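One structure is given here, and the rest of the page talks about it.
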Amino acid sequence: MVAIVADSAANLPGELARELGIEVVPMYLKFGERVYRDGLDLTPGDFYEQLVRDPSPATTSVPSPGDYLEAYARTGQTEIVCVTVASSMSSSFQQASFAARSFDGRIEVVDSRSASMAEGFVALEAARLAASGGSLESVVERAASVAARTGLLATVATFEFLQRSGRVSKLQAFAATKLDIKPVFGFKDGEIVPIARTRTRRRALAEIEATTLRQADG
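Count along the sequence shown starting at 1, add 18, and that's the number in my numbering.
Encoded structure:
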């Protein structure tokens, strides 16, 4: 049977990942000098609570090739499909691929070209086909197909954390906050692209809904 591995950027609920036999490799979450394994040392809820109360810059780092090798070994299989967050925004794909070359088996690493549950859906579809007896080639093909057809739309509630991470300047964050600007963005070919610049969270969510419907119809 083909095993499925995914990094924790896929945001897969633990129970669902276990049910489908998906081996999740944790990303690393950093607050100042403190390092946590995503989903193991720190749950998503704990992370967001700490993000609010901890003034330290929050950053992430990817699993090492050693982390991936351990995950590949834990599957107990010699045919594996590994799904990663978009290679354009993280080196997780490269680390997983490097580890695959050192593994005694056949491993195909699939770039989800997205993140969060958009990546998660790629891993889920791959796992379902693998569970039904799909070959390595068919699972890779399904994963790549889903990755090409799955999108992600998002907005931000506040610019505070973008400013703290250095992704926007203090001036940009100040202006956006004063004007109550809520940008809507998505992924295209693995790149983050602007969709709309709305004012108020309600309008941002309405834009996400409208864009989703347009893309689904198209």
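We put the CB at the ideal spot given by N, CA and C, even for glycine.
Computed from a predicted model, the values in this text were never measured in an experiment.
In this structure, the straight-line span from the alpha carbon of F203 to that of A222 is close to 10 Å. Per DSSP, the continuous beta strand (DSSP E) segment holding P201 begins and ends at 199-206. Between the alpha carbons of V174 and A234 lies a gap of roughly 23 Å. E126 sits buried, since 16 or more C-beta atoms from the chains shown fall within 10 Å of its C-beta. Taking 8 Å as the cut-off, the Cβ atoms of T78 and K48 count as close. Around the CB of T230, fewer than 16 other CB atoms lie within 10 Å, so the residue is classed as exposed. Straight-line measurement puts the Cα of P212 at about 16 Å from the Cα of R219.
Comparing alpha-carbon positions, the option among I226, R217, D129 lying closest to D207 turns out to be D129.
Of the other Cβ atoms in all chains shown, fewer than 16 fall within 10 Å of the Cβ of T176; this residue is therefore exposed.
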